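Residue 365 in the UniProt record's numbering sits at position 365 of the sequence shown, and the numbers go up by one each step.
A short worksheet on the structure shown next.
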Amino acid sequence: MAIDYSKWDKIELSDDSDVEVHPNVDKKSFIKWKQQSIHEQRFKRNQDINNLETQVDMYSHLNKRVDKILSTLPEKDFVDLSVVTRFLNANFDKLEKSKGENVDPEIATYNEMVEDLFEQLTKDLEKEGKDSKNPSLLKVAILKHRAKIDSVTLEARKKLDELYKEKNAHISSDDIHTGFDSSFMNKQKGEANPMEETSSGALTGGADSAILNKLAKSSTPQTFIEFKDDPMKLAKETEEFGKITFNEYSKSQEFLLEHLPIISEQQKDALMMKAFEYQLHGDDKMTLQVIHQSELMAYIKEIYDLKKIPFLNPIELSNVINMFFEKVIFNKDNSMGKESFLKSVQEKFLHVQKRSKILQQEEMDESNAEGVETIQLKSLDDSTELEVNLPDFNSKDPEEVEKVKIFQTLIPEKMQEAIMTKNLDNINKVFEDIPIAEAEKILEVFNDIDIIGIKAILENEKDFQSLKDQYVQGHDDATIEGLALSDHDDGREKQEEDKNTADTVD
1 MAIDYSKWDK IELSDDSDVE VHPNVDKKSF IKWKQQSIHE QRFKRNQDIN NLETQVDMYS
61 HLNKRVDKIL STLPEKDFVD LSVVTRFLNA NFDKLEKSKG ENVDPEIATY NEMVEDLFEQ
121 LTKDLEKEGK DSKNPSLLKV AILKHRAKID SVTLEARKKL DELYKEKNAH ISSDDIHTGF
181 DSSFMNKQKG EANPMEETSS GALTGGADSA ILNKLAKSST PQTFIEFKDD PMKLAKETEE
241 FGKITFNEYS KSQEFLLEHL PIISEQQKDA LMMKAFEYQL HGDDKMTLQV IHQSELMAYI
301 KEIYDLKKIP FLNPIELSNV INMFFEKVIF NKDNSMGKES FLKSVQEKFL HVQKRSKILQ
361 QEEMDESNAE GVETIQLKSL DDSTELEVNL PDFNSKDPEE VEKVKIFQTL IPEKMQEAIM
421 TKNLDNINKV FEDIPIAEAE KILEVFNDID IIGIKAILEN EKDFQSLKDQ YVQGHDDATI
481 EGLALSDHDD GREKQEEDKN TADTVD
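The following block contains the structure:
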């Protein structure tokens with residue numbers, strides 16, 4: 001197996017390797033000073049990182065509380081410290097406080113810090129000669145303080161980024177893991193492990209060594225699964241994880257430890273989109289389950305991102321997974337973490353349900369906006385009008401009798417009623433509720449028995465005379481008199497009818 005030696009390039013030397021010093025300087029003393037300087041710088045850097053991380057984390061918790069007050073509590077209650085205290089204790093863990101190597105164990109809780117802030121800002125208003133009981137003035141003071149905290153946090157994050165880069169530029173012996181320093185074997189209960197004792201001494205196996213040994217057998221390092229070309233694409237493993245029942249936490253933990261690359265931003269979001277797919281099909285159970293699994297990935301990824309590691313570090317990510325399940329899911333001493341997690345799951349579930357209903361309604365509205373294809377009768381020529389012709393129900397002429405028979409048998413009853421009114425609008429209204437295929441058959445019947453005719457509209461006497469001259473050669477006077485004439489001056493239609501001729505010019 002090819003071994004990557006590039007990691008050794010950034011080692012911060014603190015031994016006696018090829019050190020050249022002035023002849024008058026003792027080499028061993030120089031090396032000792034150099035070692036001491038490197039260790040002091042490394043210790044200070046780590047201390048600064050821990051302090052800044054604690055500071056940023058503390059500001060984050062305080063800002064959550066202040067923002068909740070500003071957005072939820074009525075402004076008039078800002079000046080009543082007892083109301084503020086009750087609100088904080090009702091919405092946040094009143095025992096929660098900052099923790100860390102350099103944090104005083106007796107430090108005030110986050111709720112107490114916010115209470116102190118309100119009290120101090122009230123005193124500041126009094127010192128400035130302002131009305132400390134004016135809630136609007138207190139709110140302005142709170143907002144100014146909030147902006148100041150944001151500015152300080154931003155500077156702390158910038159400094160942290162610099163320290164992270166500096167730390168990553170140097171590798172100490174604590175950072176080096178080759179994957180071959182220890183080994184382990186699964187054994188049955190009560191069975192001795194032949195690998196526990198060797199000529200070099202006792203070797204103990206743990207989760208870290210297990211991961212490293214597994215990675216050592218792989219020719220390529222693990223990376224997060226990210227389908228950048230298709231944000232909706234789910235890896236097979238992620239889809240499988242989404243099918244784990246939401247109360248099988250041990251199974252979920254084990255699966256994530258074995259499939260670290262799926263804990264990516266893209267896969268987490270893609271799994272959440274899968275929930276929309278289930279919800280749009282009305283499957284509430286799978287919707288809730290997939291959202292729950294997606295939230296597990298989201299919480300773990302968020303905690304891992306706080307470590308500012310821009311790649312998949314198997315040991316660190318495994319530690320985060322184990323810590324999350326231990327402190328949040330399986331923590332019997334404090335259930336607030338799990339309750340908060342399940343509340344987040346429920347909120348997202350309700351959001352997906354609500355959003356899915358909106359999407360379905362929008363789809364229906366869009367479909368209605370596009371309209372259902374129907375047939376409507378309308379003349380496309382301004383010089384003509386459509387008119388309704390009824391068959392002669394009293395005629396004994398075989399042709400007319402046949403038309404009546406077709407009218408009564410092949411045309412739906414509603415359409416028959418509309419035709420009897422001889423009103424084209426009524427006919428079109430019936431057509432609106434008839435499927436296009438059926439409407440086309442009705443039109444064919446209309447054509448067979450001449451239900452719809454075309455009536456010419458002539459705008460002036462000159463047009464009428466011209467048309468009349470065209471008919472003189474091959475038609476008798478009675479037929480000519482059947483032409484329709486529209487009076488141009490008063491807009492009234494003039495029509496000369498003759499009982500021996502048709503009502504329309506076709």
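Backbone N, C-alpha and C fix where the C-beta goes; we use that ideal spot for every residue, glycine too.
Every value quoted in this text rests on a predicted model; they were computed, and no experiment measured them.
Spatial neighbours of residue i within its chain, please: C-beta separation below 7 Å, excluding the five flanking residues on both sides.
i    : result
E119 : L81
E432 : T374
I329 : Y249 and K338
I303 : V320 and F324
L257 : S318 and I321
V114 : L62, R65, V66 and L88
L424 : L377, L386 and V388
With distance defined between alpha-carbon atoms, name the residue in the options nearest to residue i.
i           : options                   : result
N51         : V103, A275 and D161       : V103
L306        : L359, I107, S60 and S252  : S60
S340        : V430, F78, D93 and E155   : D93
I404        : Q222, I449, E101 and E387 : The question names Ile, but residue 404 is Val in the sequence shown. Checking every option, the nearest Cα to that of V404 belongs to I449.
E162        : M58, D48 and N111         : D48
Q360        : N319, E277 and R42        : E277
A275        : E248, K251 and M232       : M232
Q55         : K133, I69, D124 and D150  : D150
V345        : K76, L88 and T287         : T287
E326        : T245, E254 and L234       : E254
E413        : K422, V430 and L424       : V430
S136        : K99, P105, F78 and E155   : F78
Y249        : L271, I321 and D229       : I321
N89         : S98, K68, K76 and E75     : K68
K44         : E166, M297 and E400       : E166
K139        : E155, L154 and L121       : L121
I427        : E440, M415 and D283       : M415
P261        : G100, L317 and K228       : L317
L160        : V401, N46 and N313        : N46
residue 513 : V84, N423 and E53         : This structure gives no information on residue 513, because the portion of the chain shown stretches from 1 to 506.
Y299        : K343, D283, K285 and K130 : K343
K144        : M336, N91 and V66         : V66
What does the Cβ neighbour count give for residue i, buried or exposed, with the cut at 16 atoms within 10 Å?
i    : result
Q267 : buried
N334 : exposed
F446 : buried
S294 : buried
H281 : exposed
G242 : buried
H351 : exposed
M58  : buried
N394 : exposed
T223 : exposed
V290 : buried
F87  : buried
P74  : exposed
R355 : exposed
P391 : buried
M297 : buried
S71  : exposed
K251 : exposed
In the DSSP assignment, find the unbroken alpha helix (DSSP H) run with residue i in it and report its ends.
i    : result
N334 : Where N334 is concerned, there is no enclosing alpha helix (DSSP H), given that its DSSP letter is neither H nor E.
F431 : L424 to F431
I315 : P314 to F324
T374 : Premise fails: T374 is in no alpha helix (DSSP H) and is neither H nor E.
L291 : For the sequence presented, residue 291 should be read as Ile rather than Leu. Element bounds for I291: D284 to D305.
A90  : L81 to N91
T109 : Segment: none, T109 is in no alpha helix (DSSP H) and carries neither H nor E.
F446 : I436 to D448
K274 : E265 to L280
T409 : P398 to L410
E128 : Premise fails: E128 is in no alpha helix (DSSP H) and is neither H nor E.
E417 : E413 to M420
What does a CB cutoff of less than 8 Å around residue i pick up in its chain, not counting 5 residues either side in sequence?
i    : result
L443 : I375
I452 : L377, L386, E387, V388, N389 and F446
D116 : A108
E438 : none
K76  : P135
E126 : S132
A418 : N426, I427, K429 and V430
D124 : A141
Less than 6 Å between C-beta atoms, sequence neighbours within five positions excluded: which residues of the same chain meet that for residue i?
i    : result
Y164 : K308
K348 : I291
N247 : none
L234 : A270
Is the beta carbon of residue i within less than 7 Å of some heavy atom of the ligand GDP?
i    : result
K127 : The ligand GDP is not among the ligands present in this structure, which contains no ligands whatsoever.
Length at least 4, wholly inside the region 214 to 262: the alpha helix (DSSP H) runs in chain order: 236 to 242 and 249 to 258
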